[in-house]
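Here's the structure we're looking at; comments come further down.
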Amino acid sequence: MKDYTIIKAEVEKDKENILSILQRNLDIASSQRYDWNYKQCPYGNALCWLAKFEPSNSFVGSASLFPRKLLIKEESTNAAIAGDFAIDKNYRGYGPAFKLHREILSKVNDFGYNLIYGIPNEFSRTFFL
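Numbered per our numbering, the sequence shown spans residues 867 to 995.
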C-alpha cells in the first residue's frame with residue numbers, strides 16, 4: 867500500500883484526471899454528467915480524492931462525496947453521497963481502494979457532513995459493508 871498516495875483533487879483543475887478514471891471504469895461517465903454531478907449541485911461542489919500509483923506517477927482511482935441535505939427527525943442535516951468510486955482493473959486489490967475509503971471516512975467531519983451514505987454496486991458492496 868505504500869506505493870499509493872491519496873490526494874484531494876480540485877474539481878476544476880483535476881477534471882481530466884478524474885474523468886479519465888471514471889471513463890475507464892464506469893459506463894455512465896461523460897463530461898456532461900461530470901459537470902452536473904461535480905459542479906452544479908445546489909449544495910456545493912463535489913469533493914474528490916485521487917489514488918496515485920507512485921512508481922508510474924499515474925492516477926489509478928478516484929472516490930467522491932456529493933453534498934446533500936437530508937431531513938432527519940424534522941431537522942435539516944448536512945450529508946453526502948459517496949459515489950464514483952472507481953479503481954483501474956489492474957489496481958483493484960485493496961491497496962488504493964482501502965486507502966481512498968479510509969481517507970474519505972477520516973475527512974467527513976472536516977467538511978461539515980454529519981453523515982455519508984452510499985449505494986454500492988455489486989462489485990464494491992462487500993468492500994463497503
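The C-beta atom is built at its ideal place from N, Cα and C for all residues, glycine as well.
Short Cβ contact (8 Å threshold) for residue i with residue j
i      : j      : result
Cys914 : Ala948 : no
Ile982 : Ala929 : no
Ala917 : Lys965 : yes
Ile872 : Glu969 : yes
Asn891 : Ala952 : yes
Phe919 : Asp869 : yes
Exposure label - residue i; buried when at least 16 CB within 10 Å
i      : result
Lys879 : exposed
Leu931 : buried
Gly927 : buried
Ile887 : buried
Asn923 : exposed
Tyr904 : buried
Asp893 : exposed
Tyr909 : exposed
N-terminal and C-terminal residue of the alpha helix (DSSP H) that residue i is part of
i      : result
Ile884 : 881 to 891
Simplified DSSP assignment, three categories, for residue i
i      : result
Tyr983 : strand
Ser972 : helix
Ser897 : helix
Tyr870 : strand
Ala912 : coil
Residue i, enclosing beta strand (DSSP E) - first and last residue
i      : result
Glu941 : 941 to 953
Pro933 : 924 to 938
Residue-level contact to chain B via CB, residue i, 8 Å cutoff
i      : result
Lys868 : Of the chains in the structure shown, none is chain B; there is only one protein chain.
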